[in-house]
Amino acid sequence: MDRNEELAELLFPEITKTIDDLEKEYPARNLPEGAQVTRFAPSPTGFLHTGSLFTAMISYTVAKQSGGVYMFRLEDTDTKRTIEGSDRDLIDQLSKFGIVADEGYFPEGDKGAYGPYRQSKRADIYKTVIKELIRRGRAYPDFCTPEDLDAIRKAQEESKVLPGYYGIYARDRNLTAEERIEKIKAGTPWVIRFYSNGDHERKTKFVDAIRGEIELQDNDTDVVILKSDGLPTYHFAHVVDDHFMHTTVITRGEEWIPSTPIHLDMFRALGWKAPKYAHLPSIMKLDHGNKRKLSKRKDAEAAVSYFLDAGYPPVALKVYLMSIANSNFEEWSIANKSFDLNAFKFSLKKMSVDGALFDLDKLHYFSRELIARMPLDEEFEAVKEYAKNHDEEFFARIEANPEYVKKILNIEKERKNPRKDYVKYGDIYPLAKFFFADEYDKLAKAGFTYKEGLAKETVNACLEEFKAMPFGVEENVWFDFIKTVGGHNGFAVSNKDYKENPAAYVGSLSDIAEVLRLAVVGSTQSPNLHEILEILGKEEVLRRLELAKLA
RNA sequence: GGCCCCAUGGUCAAUCGGUUAAGACGCGACCCUCUCAAGGUCGAAUGGCUGGUUCGACCCCAGCUGGGGUCACCA
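By the numbering used here, the letter at position 208 of the first sequence is numbered 208, and the numbering carries on one by one without gaps.
Here it is as structure tokens:
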């Protein structure tokens, strides 16, 4: 028996399959021309990052718009950093954005014919490939301890040479099969490294779907492909998973650009066709005048949950992210009067290459538009769902009187230019609190401060007269009544009159309206007063008018 | 530090060698108006620097500068 053969057998006696067997098990997909297979492959190490959502959304869009397949693969090879339950959270949150995988890992079980879709369950697949690589002399066991590796790096730093495990610095690269076998038999701990034939004096080129041609130093380091815990490193897992899953486009963050030569090197060694790469820009944040990646630790908006908890409609975030991804989306959106992300033709080529600063103002703009345009029933359901999870008090009120809340949400909504004052669902209740009698009573108890210079008698007289206001009539009829009351009490009945001779009046038309507004709403600002009064109803309005009087 | 990516207003950005250098957010003014949110009109605001190529450069090339990324048994 060939010594490498013997080594492979010694290392992985339990592996009986070959790469050919795997090829048969995972045959090419039968998809129409042009259909792309993409994947989102997060590590279950924490919450869903805004940048990850961006990547997932693009992967999903590329697959869907090409009639292909979008997969979800769990990259749980770093057992130390794995956070229990985060796989579920990731999937749940993604689903809130409508990003649900066609195939892949699901907490309740895999879906699809190219699994398993969690890497910790694919150990035998990796080992099958590695076993063959060892036979071919393209992978080998490395017996370096962390201390050995440290020493190598230090020496390299001192002699100012490129750090890394490569060439002459790859201590165990040229051990003979006999030496290897001996060490293994002696129980020396090992990892498996890839045996690179690369030369960093040379270049490797590849075409990035977003950036175009990229030229990098060829890989020559013998990267670890199988860790001491028997699980692969990212580099190797990416190559074998995306090969056997037949991924056609790798969408991943731009931080992976420098390691692409490693991946290409391995694809070459295995004789496999490399997929297309699309390296996406990172989402940035301005910090003390410098751009930096959105940071999980420092930035609340790095967590998708932040937006969900605040009550931004998920579509709003998606629309914002799309406006970053393809800046022509906004023009399309205006031209088509639509925010329909499915109808918009996304293009990887049109993606910008440098990282956008996260712009909360712009998100707010989209969010406000989206909420305003949302049909009432849809908005109501979304608000209810939000309140259920984030605002018990509001939720109780919604349950107690859903129709009342609907009327509140519907204020100035059904018109060409709907009212746009909610950026997020969380904004609604604070602005609508006054509609609830007990909340109004709290305001009334604290007392109202009417415009300076208005006599107590004037205010009270107005409030008393307001009690006769008509309900269920056209707005202009009602407003004429308000003007009349103002007239009785020395207010100008038009702002024009007031401007011409302010001294002749106790106040303007705005002032008399403010008296009413303050008395009923408890604030000098509110949406359309007429609608508010109709919603409150005559009885409650009369009650408030009495309570609002000055003592 | 080596290597790589990037460079148009405050932000997102269009232009693909000849333009008054689009548009959106934000900002300002005015109009509308019972307040606010809207809406309408108008406005301020952009090609990092230095060389080259060219009849002509925001666009092509080089260098510089600046920003970002990467150099793990993490992904």
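Positions of the beta carbon are idealized from the N, C-alpha and C atoms, including for glycine. No experiment lies behind these values; they were computed from the predicted model shown.
Across the structure, P261 and T38 are spaced so that their CA atoms are roughly 20 Å apart. If you draw a straight line from the Cα of P232 to the Cα of T79, it is about 11 Å long. Burial of D87 is indicated by the presence of at least 16 other C-beta atoms within 10 angstroms of its C-beta. The way I'd put it, the stretch 209-216 doesn't touch the stretch 173-189; fewer than three beta-carbon pairs between them come closer than 8 Å. Within the stretch 275-355, the alpha helix (DSSP H) runs of at least 4 residues that lie entirely inside it are, in chain order, 304-310, 314-325, 328-336. By a beta-carbon distance limit of 8 Å, I398 contacts K384. Their separation comes to about 5 Å.
Assigned with DSSP and collapsed to three states, D220 falls in coil, not helix or strand. For N342, the closest alpha carbon among the candidates G98, L90, F236 is that of G98.
Contact between Y320 and L363 holds: their C-beta atoms lie close to 4 Å from each other, under 8 Å. According to the DSSP assignment, M57 belongs to no beta strand (DSSP E) but to the alpha helix (DSSP H) extending over 50-65. Nearest to E25 by C-alpha distance, out of F481, A455, I125, is I125. Each of A504, N476, T221, L545 was checked against the Cα of V459, and the nearest Cα belongs to L545.
In the structure shown, the three-state DSSP call for P261 is helix. Under the three-state reduction of DSSP, Y365 is assigned to helix. Going by beta carbons, G253 and T55 fall inside the 8 Å limit.
Here D361 is exposed: its Cβ has fewer than 16 other Cβ atoms, across all protein chains shown, within 10 Å.
Taking C-beta atoms under 8 Å as the contact rule, K227 and I250 fail to qualify, at a distance of about 22 Å. Assignment of R3 by DSSP, reduced to helix, strand and coil, places it in the helix class. A straight-line Cα-Cα distance of about 11 Å links E255 and K293. At the C-beta level, I19 and I130 stay beyond 8 Å of one another. Under DSSP, L357 takes part in a beta bridge, and its partners are M284. Classified as buried, K127 has 16 or more neighbouring CB atoms from the shown chains inside 10 Å of its CB. Within 10 angstroms of the beta-carbon of S295 lie fewer than 16 other beta-carbons, which makes it exposed. The continuous stretches of beta strand (DSSP E) do not include V100, and DSSP gives it neither H nor E.
Within a 10 Å sphere around the beta-carbon of T176 sit fewer than 16 other beta-carbons, which makes this residue exposed. Taking C-beta atoms under 8 Å as the contact rule, T82 and D89 fail to qualify, at a distance of about 13 Å. Counting along the chain, Y498 sits inside the alpha helix (DSSP H) bounded by residues 495-500. Going by beta carbons, H238 and D218 fall outside the 8 Å limit. By the neighbour-count criterion, in which a residue is buried when 16 or more other Cβ atoms sit within 10 angstroms of its Cβ, G34 is exposed.
The alpha helix (DSSP H) runs lying completely inside the stretch 455-488 and spanning 4 residues or more are 456-466, 475-488, given in chain order. Between the beta-carbon of A278 and that of F194 there is about 24 Å, and that puts the pair past the 8 Å contact cut. By a beta-carbon distance limit of 8 Å, M245 contacts M71. Their separation comes to about 6 Å.
Counted as a single uninterrupted DSSP element, the alpha helix (DSSP H) harbouring Y234 occupies residues 234-244. When DSSP states are grouped into helix, strand and coil, F434 belongs to the helix group. DSSP lists D208 as the beta-bridge partner residues of G212.
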